[in-house]
Amino acid sequence: MNVFSFAQERVGAAIFARVAGEEGPARRDRIHLAEGPRRFGPDSAIQRVHSDASMFVGGMRALLLQSLHPLAMAAVDQHSGYRGDPWGRLQRTSTFLAETTFGTIEDADRAIRIVRAVHGRINGVAPDGRPYEASDPHLLRWVHVAEIDSFLRAHDRYGAHRLDAGGRDAYVADTAHVARALGAVDVPETVAELDEVMRSYRPELQGTPAARRTARFILVHPPVPLALRGPYGLLSAAAVAMMPRWTRLPLRLPYLPLTEATAVRTSGVVVTGAIRWAMGSGVPAVAEAP
Numbered sequence: 001m002n003v004f005s006f007a008q009e010r011v012g013a014a015i016f017a018r019v020a021g022e023e024g025p026a027r028r029d030r031i032h033l034a035e036g037p038r039r040f041g042p043d044s045a046i047q048r049v050h051s052d053a054s055m056f057v058g059g060m061r062a063l064l065l066q067s068l069h070p071l072a073m074a075a076v077d078q079h080s081g082y083r084g085d086p087w088g089r090l091q092r093t094s095t096f097l098a099e100t101t102f103g104t105i106e107d108a109d110r111a112i113r114i115v116r117a118v119h120g121r122i123n124g125v126a127p128d129g130r131p132y133e134a135s136d137p138h139l140l141r142w143v144h145v146a147e148i149d150s151f152l153r154a155h156d157r158y159g160a161h162r163l164d165a166g167g168r169d170a171y172v173a174d175t176a177h178v179a180r181a182l183g184a185v186d187v188p189e190t191v192a193e194l195d196e197v198m199r200s201y202r203p204e205l206q207g208t209p210a211a212r213r214t215a216r217f218i219l220v221h222p223p224v225p226l227a228l229r230g231p232y233g234l235l236s237a238a239a240v241a242m243m244p245r246w247t248r249l250p251l252r253l254p255y256l257p258l259t260e261a262t263a264v265r266t267s268g269v270v271v272t273g274a275i276r277w278a279m280g281s282g283v284p285a286v287a288e289a290p
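The numbering of the sequence shown is my numbering, which starts it at 1 and goes up by one.
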């Protein structure tokens, strides 16, 4: 093994271990090597998007965007262990995405049943006095559309093989199946419908103290080893640069349009390319990315 290949293996292993956990390789083999019919084929839009390194940027953007719904944010803030065990939560999320994208239909449906059971036990009262339930179809739809909007936009900007208009619609339609199975209703199936649903949530969104704490945790004080701080900083800058302009003030995010269009975008291309190289070909990024 030459020095270049050794460095690639070490970087890839470090990223995978951090995001997938100690059992990551075993889970990856179980998901991808299990025998049985799949809901999505290797040429499907959902597999193309979820196997790309752009998921790292998209996942970070999704977390920031999702935090703007006060009820969804209250559920995460009061019930999730994202601050005490952020990597554990990330590993569980990445495993769910991998199972529902690449796993057998049997494994995917089992993963969905487990998540629905967890959602059924999560409820409470937000700081503004409103009750919430994680199983609320309206909240589930918000979490879904914020996520797929982020994944798709990141893939449009940083993906190795971009989708055409038909492929982008196909991606939204593919992901709709999982959202409906989780309990969401009126789920978009085209990019136009996705954009319309995103706009419909605008009046409900705001930058709560919990949302701003989450943004600081993700961007300023992440639980990242010193050796990965540089690449992580490039990823977070790329994610912030993709956030809509109207989200910057509520979350106290910087807005530097010229820098974002030049230096940040270039660094985003570099870091996603480096991750793609480090992970090697044939390793789905969804098994390692948020």
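Cβ atoms here follow ideal geometry from the backbone N, Cα and C, with glycine treated the same way. These numbers were taken from a predicted model, which means no experiment stands behind them.
- Alpha carbon to alpha carbon, how far is A215 from A176? Give it in angstroms, no decimals. The residue labelled residue 176 in the question sits at position 176 within the sequence shown. The residue labelled residue 215 in the question sits at position 215 within the sequence shown. About 27 Å.
- Counting only the same chain and skipping the five closest in sequence on each side, list residues whose C-beta sits under 7 Å from that of E99. As a working mapping, residue 99 is identified with position 99 in the sequence shown. Cβ neighbours of E99 beyond the five flanking positions: I31, D107, A108 and A111.
- Exposed or buried, what is S200 when buried is set at 16 or more other beta-carbons lying within 10 Å of its beta-carbon? The sequence position of residue 200 within the sequence shown is 200, counting from 1. Classification for S200: exposed.
- Query: Distance, Cα to Cα, G36 vs I114?
  - Reply: Locating residue 36 in the sequence shown gives position 36, counting from the first residue. Locating residue 114 in the sequence shown gives position 114, counting from the first residue. If I take the Cα positions, the gap works out to 20 Å.
- Can you tell me the Cβ-Cβ gap for F40 and Q47, rounded? I've got them flagged as a contact below 8 Å. Looking up residue 40 in the sequence shown gives position 40. Looking up residue 47 in the sequence shown gives position 47. 6 Å between Cβ atoms; contact.
- Item | Uninterrupted alpha helix (DSSP H) stretches inside the stretch 52–128 (no shorter than 4 residues) | 55–66, 70–79, 86–102 and 105–120
- Query: DSSP three-state call for P131: helix, strand or coil?
  - Reply: Looking up residue 131 in the sequence shown gives position 131. Correct three-state label for P131: strand.
- Please check the pair V240 and Y232, which I expect to be a contact at CB under 8 Å, by giving their CB distance rounded to whole angstroms. Residue numbering aside, residue 240 sits at position 240 when the sequence shown is read from its first letter. Residue numbering aside, residue 232 sits at position 232 when the sequence shown is read from its first letter. Not confirmed; about 13 Å, so no contact.
- Could you tell me which residues DSSP puts in a beta bridge with R38? Within the sequence shown, the letter at position 38 stands for residue 38. The partner list for R38 (beta bridge, DSSP) reads T104.
- State the DSSP-derived secondary structure class of V220, mapped to helix, strand or coil. The residue you call residue 220 lines up with position 220 of the sequence shown. Here V220 sits in coil by DSSP.
- Task: Output yes or no for whether 8 Å exceeds the beta carbon distance between R38 and T104.
- Result: For this step, residue 38 is matched to residue 38 along the sequence shown. For this step, residue 104 is matched to residue 104 along the sequence shown. Cβ atoms of R38 and T104: closer than 8 Å.
- So, helix, strand or coil for T266, using DSSP? The count along the sequence shown starts at 1 and reaches residue 266 at position 266. T266 falls in the helix class under three-state DSSP.
- Should the stretch 67–82 be regarded as contacting the stretch 130–142, the criterion being three or more beta carbon pairs within less than 8 Å? yes
- Rounded to a whole number of angstroms, what is the C-alpha to C-alpha distance between P244 and D43? Within the sequence shown, the letter at position 244 stands for residue 244. Within the sequence shown, the letter at position 43 stands for residue 43. The alpha-carbon atoms of P244 and D43 are separated by roughly 30 Å.
- Message: Check whether the stretch 260–279 and the stretch 145–162 touch, using three or more Cβ-Cβ pairs below 8 Å as the test.
- Response: yes
- Can you give the beta carbon distance from M60 to I218, rounded, assuming they're within the 8 Å contact cut? Translated into the one-based positions of the sequence shown, residue 60 becomes position 60. Translated into the one-based positions of the sequence shown, residue 218 becomes position 218. That belief holds up - the Cβ atoms of M60 and I218 are roughly 7 Å apart, short of 8 Å.
- Message: If contacts are defined as beta-carbon pairs under 8 Å, then L65 and S150 qualify, I think. What distance do you get, rounded to the angstrom?
- Response: For the purposes of this step, residue 65 is taken as the residue at position 65 of the sequence shown. For the purposes of this step, residue 150 is taken as the residue at position 150 of the sequence shown. Confirmed, about 6 Å.
- Message: Rounded to the nearest angstrom, what separates S54 and P203 at their Cα positions?
- Response: Within the sequence shown, the letter at position 54 stands for residue 54. Within the sequence shown, the letter at position 203 stands for residue 203. S54 and P203: Cα-Cα distance of roughly 29 Å.
- Query: Helix, strand or coil: how does DSSP classify W277 here?
  - Reply: Along the sequence shown, one-based indexing puts residue 277 at 277. W277 falls in the helix class under three-state DSSP.
- Query: Is A184 closer than 8 Å to G124 when the C-beta atoms are compared?
  - Reply: For the purposes of this step, residue 124 is identified with residue 124 of the sequence shown, where counting begins at 1. For the purposes of this step, residue 184 is identified with residue 184 of the sequence shown, where counting begins at 1. Not in contact: G124 and A184 (Cβ atoms no closer than 8 Å).
- Message: So, with DSSP's three-state summary, where would you put V271?
- Response: Here residue 271 is taken as the residue at index 271 of the sequence shown, counted from 1. Three-state result, V271: helix.
- Taking the CB atoms as reference points, tell me whether V264 and A237 lie closer together than 8 Å. Taking the first residue of the sequence shown as 1, we reach residue 264 at position 264. Taking the first residue of the sequence shown as 1, we reach residue 237 at position 237. Contact: yes.
- Query: How about I148 and L194: do their beta carbons lie closer than 8 Å?
  - Reply: Along the sequence shown, read from residue 1 onward, the residue named residue 148 stands at position 148. Along the sequence shown, read from residue 1 onward, the residue named residue 194 stands at position 194. Result yes, Cβ atoms of I148 and L194 sit closer than 8 Å.
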